[in-house]
Amino acid sequence: MAQALQRAMRDAMAQDPTVHVMGEDVGTLGGVFRITDGLAKEFGEERCTDTPLAEAGILGAAVGMAMYGLRPVVEMQFDAFAYPAFEQLISHVAKMRNRTRGAMPLPITIRVPYGGGIGGVEHHSDSSEAYYAATPGLHVVTPATVEDAYGLLRASIASDDPVVFLEPKRLYWSKAQWDPAAPAAVPGIGKALVRRTGASATLITYGPSLPVCLEAAEAAREEGWDLEVVDLRSLVPFDEETVMASVRRTGRAVVVHEANGFAGPGAEIVARIQEKCFHHLEAPVLRVTGFDIPYPPPMLEKHHLPGVDRILDTVARLQWEN
Amino acid sequence: MTVQELPGAGASHRSTPPPAWRPRTDAAPLLPDPEPYRVLGTPAAEKLDPELMRRCYAELVRGRRYNAQATALTRQGRLAVYPSTVGQEACEIAAALVLEEQDWLFPSYRDTLAAVARGLDPVQALTLLRGDWHTGYDPREYRIAPLCTPLATQLPHAVGLAHAARLRGDDVVALALVGDGGTSEGDFHEALNFAAVWQAPVVFLVQNNGFAISVPLAKQTAAPTLAHKAVGYGMPGRLVDGNDIAAVHEVLSDAVRRARAGGGPTLIEAVTYRIEAHTNADDATRYRGDAEVEAWKAHDPVELLERELTARGMLDEAGIREAKEAAEAMAATLRDRMNAEPVLDPMDLFENVYAEQTGRLREQAEMLRAELDAEEQS
Ligand SMILES: Cc1ncc(C[n+]2csc(CCOP(=O)(O)OP(=O)(O)O)c2C)c(N)n1
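Spelled out as structure tokens, the structure:
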């Protein structure tokens with residue numbers, strides 16, 4: 004996935020001279036995850052820039068650059084280190100189009116490595132998607148496959164609106180084969196995809212939890228469950244059509260994500276399903292999420308993250324009677 | 015072109031600003047000296063206090079050994095990560111030694127050594143980096159704030175604590191540590207400004223070790239030195255050789271004394287070098303060459319002091335051996351203690367999120383309890 008993301012930026016920069024990459028350590032080092040590796044060499048330090056260490060400054064400067072016609076792609080080093088930039092993000096990035104009655108859109112892509120499962124010490128594993136998704140004016144997308152990493156990042160950079168691009172860092176090193184010559188499978192931002200068809204219930208998920216859900220769906224066959232798995236790919240906009248169509252088919256649904264449950268993205272998704280498909284439901288829509296605690300230290304994270312067993316236990320509760 | 019020559023800036027347009035708007039004219043004493051302050055190898059070394067210097071030496075040797083041991087523990091997988099302070103020990107040790115019992119230290123994630131030199135149990139200091147808990151100690155017990163991972167965010171805390179202590183009439187100084195990269199963060203600027211406006215008893219020590227991960231100082235700031243930043247806030251800036259423990263100790267002591275006496279904050283830049291990579295996850299060969307590292311190794315803080323003290327007859331072979339043996343003993347104990355598996359109770363996840371557990375957390379705790387029971391039975 005790391006390679007696909009790097010390729011997406013490279014192709015975008017080659018095609019469009021207004022695309023600028025910037026952030027901490029993105030130049031000489033190629034980023035702490037090496038996602039921007041080689042870009043400074045190929046396009047020069049002016050287009051792939053090591054900035055001073057200041058997230059509010061990075062995003063604030065990107066606002067000004069976008070106001071003047073550039074397309075900044077900003078890297079936040081880790082999920083929890085993006086928080087100093089929230090003022091810029093929420094007060095300006097998200098609102099500029101609206102404040103200027105459409106006169107000044109901001110085509111900024113904000114790449115944020117997010118989520119746990121890599122044994123990181125504190126402040127390196129937050130799932131911050133709910134903060135972003137709760138802010139009108141931002142698109143929020145997250146790839147779970149190598150193809151999507153490429154396609155979604157290209158679509159995000161091409162978007163005339165700001166996009167928070169969440170990169171599940173534990174999938175950076177996924178060994179999946181990828182053919183960079185193959186056309187991007189992503190039709191744009193805002194389309195979910197059925198990753199696995201099934202008849203007895205739908206698992207709705209995204210980003211780092213997709214592989215876990217696919218594994219759970221395999222394991223569930225033994226228990227007689229034929230699970231459908233929907234990968235949202237985009238939280239904002241939310242692809243209601245694909246999700247509702249699946250839930251209407253199966254009549255049962257579980258939302259899975261590793262972010263905290265309370266006021267997490269799952270709460271919104273469940274509410275929409277109840278609103279749109281109430282009569283098709285055979286059981287309440289359930290959630291499997293991270294606990295409502297600060298992200299735990301690495302030695303305990305396995306208990307916090309939704310795993311296959313916890314998903315299967317929850318699926319079993321869909322056998323709703325009364 | 016001078017201001018007077020600018021169009022529209024003629025004398026007839028100018029009025030004298032009212033007195034309150036006049037700039038301060040006493041900025042000059044706030045400016046740092048152009049050269050880092052040094053003691054070792056200069057005539058100033060004649061006044062060294064032998065007892066203090068022997069203590070510094072023993073701590074430096076122990077600190078170097080601590081760094082080596084902690085790095086070894088990462089190789090054995092005992093620590094998730096360790097940001098080494100090899101080459102920076104003089105700053106770490108001096109920061110710990112200048113504080114009184116009641117004072118507070120505000121360390122960054124790199125400053126485990128300063129915390130240990132202040133008296134924190136080394137195993138507790140490494141808890142964050144091992145991954146069993148985020149902070150392995152009670153900050154109030156040691157008067158050491160939690161090792162801070164988000165950069166520069168501990169600095170406003172230091173200002174607030176020092177301010178509160180003064181409001182309460184307590185004799186407390188806060189010493190806050192930050193890296194060169196951290197000085198670019200908004201929190202750094204806000205902390206300095208608050209400290210100066212409130213005349214809070216705080217000392218800021220910037221360990222300028224040349225890099226913020228891969229980014230060299232020249233890409234971090236255009237200021238002549240980081241110490242110059244102090245002037246804009248209205249506090250003195252001091253530049254010191256961070257590998258010269260006698261100099262760092264003296265400059266820090268002066269600043270602490272000044273803060274204690276009600277003189278307000280000081281910003282100190284210690285010029286030093288990060289000999290090892292940022293952490294074990296970093297590949298330093300991507301952004302710097304060996305020659306630079308070797309040049310800094312020749313300016314080693316432990317050797318600088320050892321040379322001075324032996325030349326002055328303040329330290330002999332027996333003293334050196336004694337320091338090394340004490341360091342080895344510390345390392346052996348640390349190794350043994352770190353090799354013991356930490357015993358963790360997953361149910362602790364739900365403790366201390368709130369003073370009183372919420373219903374929702376109780377529910378989630380029951381769920382985990384059931385999962386753990388089921389696991390045990392299978
Ligand atoms: C707010 C924030 N942004 C980014 C990071 C990621 N990060 C950790 S250490 C580091 C470099 C710090 O450099 P410096 O302040 O010079 O301290 P040093 O590591 O050299 O001691 C970065 C960018 C962070 N911890 N916090």
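Same order as they appear, the protein sequences are chains P and Z. The first sequence begins at 4 in my numbering and counts up one residue at a time. The second sequence begins at 15 in my numbering and counts up one residue at a time. Ideal Cβ placement from N, Cα and C applies to all residues, glycine included. Every value quoted in this text rests on a predicted model; they were computed, and no experiment measured them.
Sort the options by Cα distance to residue i and report the nearest one.
| i | options | result |
| --- | --- | --- |
| P211/P | E261/P, E225/P, T138/P and E221/P | E261/P |
| E114/Z | L142/Z, M67/Z, A131/Z and G91/Z | A131/Z |
| R69/Z | D359/Z, A337/Z and V254/Z | A337/Z |
| L127/Z | A261/Z, G224/Z, E73/Z and V217/Z | E73/Z |
| R124/Z | V192/Z, E308/Z, L231/Z and Y51/Z | V192/Z |
| G201/P | L230/P, V167/P, E132/P and M12/P | L230/P |
| Q322/P | A256/P, A266/P and A248/P | A256/P |
| S128/P | E150/P, V115/P, D242/P and P268/P | V115/P |
| H171/Z | I158/Z, A291/Z and A379/Z | I158/Z |
| V29/P | V239/P, R104/P and V77/P | V77/P |
| G251/Z | G276/Z, A260/Z and F218/Z | F218/Z |
Can you have a look at residue i and say buried or exposed, based on whether 16 or more other CB atoms are within 10 angstroms of its CB?
| i | result |
| --- | --- |
| E355/Z | exposed |
| D297/Z | exposed |
| Q18/Z | Low local confidence applies: a pLDDT of 49 at Q18/Z is under 50, so the model's placement there is unreliable, and no value is given. |
| R4/P | In the sequence on display, residue 4/P carries Met and not Arg. Flag for M4/P reads buried. |
| D19/P | exposed |
| Y368/Z | exposed |
Give me the chain Z residues within the contact set of residue i, using Cβ-Cβ distance strictly less than 8 Å, ordered along the chain.
| i | result |
| --- | --- |
| F265/P | R374 |
Closer than 7 Å by beta-carbon distance: list the chain P residues that pair up with residue i, in chain order.
| i | result |
| --- | --- |
| P170/Z | Those within 7 Å of P170/Z in chain P number zero; the least Cβ separation is about 12 Å. |
| D146/Z | P300 and M302 |
| G195/Z | L56 |
Alpha carbon to alpha carbon, how far is residue j from residue i? Give it in angstroms, no decimals.
| i | j | result |
| --- | --- | --- |
| M328/Z | P136/Z | 29 Å |
| C162/Z | H203/Z | 17 Å |
| H313/Z | N257/Z | 7 Å |
| V124/P | D330/Z | 43 Å |
| R10/P | A88/P | 26 Å |
| F36/P | A15/P | 19 Å |
| Q90/Z | D350/Z | 13 Å |
| C51/P | M25/P | 5 Å |
| A345/Z | A309/Z | 28 Å |
| E226/P | P160/Z | 47 Å |
| L344/P | T317/P | Because chain P spans 4 through 325 in this model, residue 344/P falls outside it and cannot be assessed. |
| G55/Z | E322/Z | 7 Å |
| H282/P | R251/P | 9 Å |
| A43/P | Y80/Z | 38 Å |
| D242/P | T208/P | 12 Å |
| E377/Z | V291/P | 13 Å |
| A147/P | C105/Z | 45 Å |
| L363/Z | W147/Z | 10 Å |
| P393/Z | V166/P | Past the edges of chain Z, shown from 15 to 392, lies residue 393/Z, and the structure says nothing about it. |
| M15/Z | P32/Z | Annotation note: pLDDT 45 at M15/Z (below 50); position unreliable, coordinate value reported separately. Taking the straight line from one Cα to the other gives about 26 Å. |
| A94/Z | S228/Z | 21 Å |
| G310/P | P183/P | 31 Å |
| A133/P | L217/P | 23 Å |
| L231/Z | N223/Z | 9 Å |
| S94/P | L62/P | 12 Å |
| A42/Z | H242/Z | 11 Å |
| P300/P | I272/P | 29 Å |
Taking C-beta pairs closer than 7 Å, name the residues in chain Z that residue i reaches, listed in chain order.
| i | result |
| --- | --- |
| L42/P | Per Cβ cutoff of 7 Å: no residues; L42/P is ~14 Å from chain Z at best. |
| T31/P | S228, R300 and Y301 |
| H307/P | L363 |
| G47/P | Those do not exist, as G47/P stays about 15 Å from chain Z at its closest Cβ, beyond 7 Å. |
| A59/P | G200 |
| P87/P | E199 and G200 |
In chain Z, what lies closer than 9 Å to residue i by C-beta?
| i | result |
| --- | --- |
| A83/P | T163 and P164 |
| R313/P | M381 and E385 |
Anything in chain P within Cβ reach of residue i, meaning under 8 Å, just list it in chain order.
| i | result |
| --- | --- |
| P50/Z | Residues of chain P passing the Cβ test: none, with the nearest at roughly 22 Å. |
| L231/Z | Here the premise fails: no neighbours, minimum Cβ distance about 10 Å. |
| V367/Z | D295, I296 and P297 |
Name the chain P residues that come within less than 9 Å of residue i, Cβ to Cβ?
| i | result |
| --- | --- |
| Q391/Z | Going along chain P, no residue has its Cβ under 9 Å from Q391/Z, so there is no contact; the nearest lies around 13 Å. |
| L358/Z | P300, M302 and L303 |
Does ligand 2 have a heavy atom nearer than 7 Å to the CB of residue i?
| i | result |
| --- | --- |
| P97/Z | By its list of ligands, the structure shown excludes ligand 2, since it contains just ligand 1. |
### Task
Give the residues from the region 273-302 of chain P that approach chain Z closer than 8 Å (Cβ to any Cβ), ordered along the chain.
F294, D295, I296, P297, P299, P300, P301 and M302
### Query
Which residues, in chain order, does the region 89-101 of chain Z contribute to contact with chain P at a C-beta distance below 9 Å?
Those would be A94 and V95, in chain order.
### Message
At a CB distance below 7 Å, what residues from the region 156-181 of chain P approach chain Z? Give them in sequence order.
### Response
none
### Query
Given a limit of 9 Å on CB to CB distance, which residues of the region 107-139 of chain P reach chain Z?
G122, G123, V124, E125, H126 and H127
### Query
Mind listing which residues of the region 7-34 of chain P have their C-beta closer than 9 Å to chain Z's C-betas, in chain order?
Correct list: E27, D28, G30, T31, L32 and G33.
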